[in-house]
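Everything on this sheet refers to the single structure shown next.
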Amino acid sequence: MAAISREEVAHLARLSRLAVTEEELDMFAGQLDVILQAVAQVGEVAAADIPPTSHSVPLTNVFREDVVTPCLTPEEALSGAPDAEDQRFRVPRILTEDVAS
């Protein structure tokens with residue numbers, strides 16, 4: 096596998112809108128080359144008889160069943176609000192433009 100060039104690093108930096116110095120181009124080229132070599136080594140080890148996995152251990156569903164429990168009434172929820180209207184919290188407008196409903 097060919098090493099990543101300074102020009103490729105500069106191109107990636109431009110695409111990412113990153114300002115990098117000439118010294119950083121050299122440093123990043125070396126670092127990215129090491130990373131790409133490590134990824135290539137992993138690709139060499141991967142065998143066709145080993146299925147791809149997203150996790151090293153099996154996952155189980157951790158969700159609980161929905162259970163209806165008592166909760167606040169709208170009046171209780173709004174009792175401490177500085178201002179309420181139509182069973183909703185009323186807050187100051189923060190948008191300056193007109194928004195179509």
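Counting from 1 along the sequence shown, just add 95 to a position and that's the residue number in our numbering. Beta carbons are placed, not taken as given, at the ideal position from N, Cα and C, and that holds for glycine. In this text, all values refer to a predicted model and were calculated from it rather than measured experimentally.
#1: Any Cβ of chain C within less than 8 angstroms of the Cβ of GLY175?
#2: Classify PHE184 as helix, strand or coil using the three-state DSSP reduction.
#3: If the criterion is Cβ atoms closer than 8 angstroms, does the pair ALA124 and VAL152 meet it?
#4: Among the candidates VAL134, LEU127, ALA179, GLN136, whose CA atom is the shortest distance from the CA of ALA98?
#5: DSSP three-state call for ALA143: helix, strand or coil?
#6: Return the residue from the list GLY175, SER100, ALA142, VAL134 that minimises the CA-CA distance to GLU119.
In terms of the structure at hand:
#1: This model lacks chain C altogether; it includes just one protein chain.
#2: The answer is strand: DSSP assigns PHE184 an E or B state.
#3: At the C-beta level, ALA124 and VAL152 stay beyond 8 angstroms of one another.
#4: Taking ALA98 as reference, the option from VAL134, LEU127, ALA179, GLN136 with the minimal CA-CA separation is LEU127.
#5: In the three-state reduction of the DSSP assignment, ALA143 falls in the coil class, being assigned neither a helical nor a strand state.
#6: With distances taken between Cα atoms, GLU119 lies closest to SER100.
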